[in-house]
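**Q** Under my numbering, the residue at position 186 of the sequence shown is numbered 183, and the numbers go up by one with no gaps. Ideal Cβ placement from N, Cα and C applies to all residues, glycine included.
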Amino acid sequence: MKKVIDKTILAVLVASLLTGCAANTVPTAAPALTVEDTLAGISVREKVGQLFIIRPDSLDLALSQENINDSKTEGSTKLTDAMKKTLEQYPVGGVAVFKKNVVDPKQLTAFIKDLQAASQITLFTGIDEEGGRVARLANHAEFITPQYDSAAAVGETGDSKNAKEMGASIGGYISEYGLNLDFAPDADVNTNPDNTVIGDRAFSSDPAVAADMVAAAIEGFHSSGVMCCIKHFPGHGDTDTDTHYGCATTTKTWDEMLACEMLPFKAGIAAGTDMVMSAHITVPNVTSDGLPASISNEMITDKLRGELGYDGVVITDALAMEAITDFFSSEESAVMAIQAGADILLLPENFTNAFDAVVAAVENGTITEARLDESVARILTLKAKYNLM
């Protein structure tokens, strides 16, 4: 039997989340009752669905996982009847669009519109559009958009107004196609010259400069009405391994990170970032669990939420990366991330297995329904803030 939610406790939780939203953003918060009623009226399976942002390709159950996660293979570019059926069975909270899902502006707009129409609760529709080498649309031949050399080039100007302009510009053009979430800006501090995966994606090797630029970029994104996500907590800039292909490690202490890596994250939180993305990075001199930050309770709950005071949405980096899949199954990493304090599971390798595992974990008490409601309340509150409810 479905548990009855204590509306008084839930109202306090939702009200506190709405109060914690930055006051300097354009969208207006929807009444808390909307979030409360939605949460009280959906099933456990529907709640679990809100925890997932997946590739559109994952809705096509005929595709192999290798095909879905390979950026070089042909991608899903329109919503089929079979994909609609999957979305009914697995009512996810969002999709992340990659270059292989994009043909041209007309196709992308129609694809996003159809996905939204097929979803009971409005989807997060996300994209990696940082500017520079990570820009799915700006680097696509069929799209005419403003071009940016890199975040580093913007940082080198020393003027945070340029970062604000970049955020506003990118947010403006992605929103034209129905995209409402950018997995940007990068809040890393690029301190390791051997770091090729971050490099010029970071604004600077100077944490103070990076902090100013991150805060300004967030202001820009918000001025365009688009959600943004700072990454890769607790800082990918001092590593030399690409977590797409293996586990990365930093040997810094927490005091060292507070003086460097945490400055842009603190600035981003103060500026009202909508999400913080946790990375698949181990920090042996900070945590004792030996786990990547994305599935570490010590890093997410104790450090990010506890010491930094962040109570917004935490999203994992893509769980299909080899830093995770080399050591954990889709089922294990999904459950561990929620237990660690994450709210959204990004791109699990096998999303149906991960989804079913989280449902089972709630049903058997491994994850309490109160813990599930905590994350779903954060997610719905964010959606309500951007009028996505």
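Kindly provide the ranges of any beta strand (DSSP E) runs that are 3 or more residues long and lie completely inside the segment 250 to 321, ordered along the chain.
**A** 272 to 275 and 310 to 313
**Q** Are there three or more Cβ pairs, one per stretch, closer than 8 Å when the segment 252 to 267 is compared with the segment 236 to 244?
**A** no
**Q** Find the nearest neighbour of residue 195 within the set 205, 230, 213 and 300, judged by alpha-carbon distance.
**A** Locating residue 195 in the sequence shown gives position 198, counting from the first residue. Comparing Cα positions, the closest option is 230.
**Q** Return helix, strand or coil for residue 352, following the three-state DSSP convention.
**A** As a first step, residue 352 must be located in the sequence shown, where it is residue number 355. Correct three-state label for residue 352: helix.
**Q** What residue from 76, 380 and 70 has the CA that sits closest to residue 272's CA?
**A** Stepping through the sequence shown from its first residue, residue 272 is reached at position 275. The candidate whose alpha carbon is nearest that of residue 272 is 380.
**Q** Check whether the segment 148 to 168 touches the segment 102 to 112, taking contact to mean three or more Cβ pairs, one atom from each stretch, closer than 8 Å.
**A** Fewer than three pairs of CB atoms, one per stretch, sit closer than 8 Å, so the segment 148 to 168 makes no contact with the segment 102 to 112.
**Q** Assuming residue 149 and residue 142 are in contact, meaning their beta carbons sit under 8 Å apart, how far apart are those beta carbons, in whole angstroms?
**A** The residue given as residue 149 occupies position 152 in the sequence shown. The residue given as residue 142 occupies position 145 in the sequence shown. Actually they do not touch by this definition, with Cβ atoms about 19 Å apart.
**Q** Quick check: what's the CA-CA separation for residue 41 versus residue 49?
**A** Looking up residue 41 in the sequence shown gives position 44. Looking up residue 49 in the sequence shown gives position 52. Their Cα atoms are separated by approximately 14 Å.
**Q** Checking the sheet assignment: what are the DSSP bridge partners for residue 123?
**A** Residue numbering aside, residue 123 sits at position 126 when the sequence shown is read from its first letter. According to DSSP, residue 123 bridges with 93 and 178.
**Q** Look at the alpha carbon of residue 290 and the alpha carbon of residue 353, and state the distance between them as a whole number of angstroms.
**A** Stepping through the sequence shown from its first residue, residue 290 is reached at position 293. Stepping through the sequence shown from its first residue, residue 353 is reached at position 356. Roughly 23 Å between the two C-alpha positions.
**Q** Are residue 187 and residue 199 close, meaning C-beta to C-beta below 8 Å?
**A** To locate residue 187, count along the sequence shown from 1; it is residue 190. To locate residue 199, count along the sequence shown from 1; it is residue 202. In contact: residue 187 and residue 199 (Cβ atoms closer than 8 Å).
**Q** Would you kindly check if the distance between the Cβ of residue 97 and the Cβ of residue 71 is under 8 Å?
**A** What you label residue 71 is simply residue 74 of the sequence shown in a count that begins at 1. What you label residue 97 is simply residue 100 of the sequence shown in a count that begins at 1. In terms of Cβ geometry, residue 71 and residue 97 form a close pair [threshold 8 Å].
**Q** Mapping DSSP to helix, strand and coil, what is residue 171?
**A** Translated into positions along the sequence shown, residue 171 becomes position 174. Annotated three-state conformation of residue 171 is helix, per DSSP.
**Q** The alpha helix (DSSP H) spanning residue 230 covers which residue range?
**A** The residue given as residue 230 occupies position 233 in the sequence shown. Premise fails: residue 230 lies in the beta strand (DSSP E), 224 to 230, not in any alpha helix (DSSP H).
**Q** Using DSSP with H/G/I as helix, E/B as strand and the rest coil, what is residue 217?
**A** Taking the first residue of the sequence shown as position 1, residue 217 is located at position 220. DSSP places residue 217 in helix when its eight states are reduced to three.
**Q** In this structure, does DSSP put residue 68 in helix, strand or coil?
**A** In the sequence shown, residue 68 corresponds to position 71, counting from 1. Here residue 68 sits in coil by DSSP.
**Q** Beta carbon of residue 245, beta carbon of residue 278: below 8 Å?
**A** Start at 1 with the first residue of the sequence shown, and residue 245 comes out as number 248. Start at 1 with the first residue of the sequence shown, and residue 278 comes out as number 281. Taking 8 Å as the Cβ cut-off, residue 245 and residue 278 qualify as a contacting pair.
**Q** Indicate the three-state DSSP secondary structure (helix, strand or coil) for residue 128 in the structure shown.
**A** For the purposes of this step, residue 128 is taken as residue 131 along the sequence shown, with counting starting at 1. Three-state DSSP puts residue 128 in a strand.
**Q** So, using beta-carbon positions, are residue 52 and residue 115 closer together than 8 Å?
**A** In the sequence shown, counting from the first residue as 1, residue 52 sits at position 55. In the sequence shown, counting from the first residue as 1, residue 115 sits at position 118. No, Cβ-Cβ distance for residue 52 and residue 115 is not below 8 Å.
**Q** Ignore the nearest five residues each way along the sequence and tell me which others in residue 66's own chain have a CB closer than 7 Å to its CB.
**A** If you number the sequence shown from 1, residue 66 lands on position 69. Same-chain partners within the cutoff: 317 and 346.
**Q** Alpha carbon to alpha carbon, how far is residue 121 from residue 250?
**A** Here residue 121 corresponds to residue number 124 of the sequence shown, with the count starting at 1. Here residue 250 corresponds to residue number 253 of the sequence shown, with the count starting at 1. Approximately 35 Å between the Cα atoms of the pair.
**Q** Buried or exposed for residue 132, going by 16 or more other Cβ atoms inside 10 Å?
**A** Translated into positions along the sequence shown, residue 132 becomes position 135. Buried: at least 16 other Cβ atoms inside 10 Å.
**Q** From residue 276 to residue 312, what does the alpha carbon distance come to, in whole angstroms?
**A** Counting from one through the sequence shown, the residue named residue 276 turns up at place 279. Counting from one through the sequence shown, the residue named residue 312 turns up at place 315. In a straight line, the C-alpha of residue 276 is about 9 Å away from that of residue 312.
**Q** Taking the alpha carbon of residue 163 as the reference point, which residue from 189, 325 and 129 has its own alpha carbon closest?
**A** On the sequence shown, position 166 is the one that residue 163 refers to. Of the candidates 189, 325 and 129, the one whose C-alpha sits nearest the C-alpha of residue 163 is 129.
**Q** Look at the Cβ atom of residue 147, then the Cβ atom of residue 197, and state whether they are nearer than 8 Å.
**A** For the purposes of this step, residue 147 is taken as residue 150 along the sequence shown, with counting starting at 1. For the purposes of this step, residue 197 is taken as residue 200 along the sequence shown, with counting starting at 1. In this structure, residue 197 lies closer than 8 Å to residue 147 by Cβ.
**Q** For a test of the three-state rule: what should DSSP assign to residue 246, helix, strand or coil?
**A** For the purposes of this step, residue 246 is taken as the residue at position 249 of the sequence shown. Correct three-state label for residue 246: strand.
**Q** Our contact map puts residue 228 next to residue 183 with C-beta atoms below 8 Å; I'd like the distance itself, whole angstroms only.
**A** Mapped onto the sequence shown, residue 228 falls at position 231. Mapped onto the sequence shown, residue 183 falls at position 186. The Cβ separation is near 6 Å, so the contact holds.
**Q** Residue 109 and residue 174 look like a contact to me (Cβ under 8 Å); what is the Cβ gap, rounded to whole Å?
**A** Translated into the one-based positions of the sequence shown, residue 109 becomes position 112. Translated into the one-based positions of the sequence shown, residue 174 becomes position 177. Residue 109 to residue 174, Cβ: 6 Å. Contact.
**Q** Taking Cβ positions, are residue 373 and residue 47 nearer each other than 8 Å?
**A** For the purposes of this step, residue 373 is taken as the residue at position 376 of the sequence shown. For the purposes of this step, residue 47 is taken as the residue at position 50 of the sequence shown. It is a contact, given that the beta carbons lie within the stated cut-off.
**Q** In terms of alpha-carbon separation, which member of 56, 37 and 358 lies closest to residue 77?
**A** The residue you call residue 77 lines up with position 80 of the sequence shown. Looking at the Cα atoms, 56 is the closest of the given residues.
**Q** Between residue 91 and residue 123, is the Cβ-Cβ spacing less than 8 Å?
**A** Residue 91 sits at position 94 when you count from the first residue of the sequence shown. Residue 123 sits at position 126 when you count from the first residue of the sequence shown. Yes, these two residues count as a Cβ contact at 8 Å.
**Q** Taking 7 Å as the limit between beta carbons, can you name the residues of its chain near residue 192, skipping five residues before and five after?
**A** Taking the sequence shown and counting its residues from 1, one reaches residue 192 at position 195. Cβ contact annotation for residue 192 (same chain, cutoff 7 Å, sequence separation greater than five): 234, 236 and 237, in chain order.
**Q** Residue 343 bridges to which residues according to DSSP?
**A** Residue 343 sits at position 346 when you count from the first residue of the sequence shown. Residue 343 pairs with 50.
**Q** Just verifying my parser: in three-state terms, what is the DSSP assignment at residue 186?
**A** Counting from one through the sequence shown, the residue named residue 186 turns up at place 189. Strand, per DSSP.
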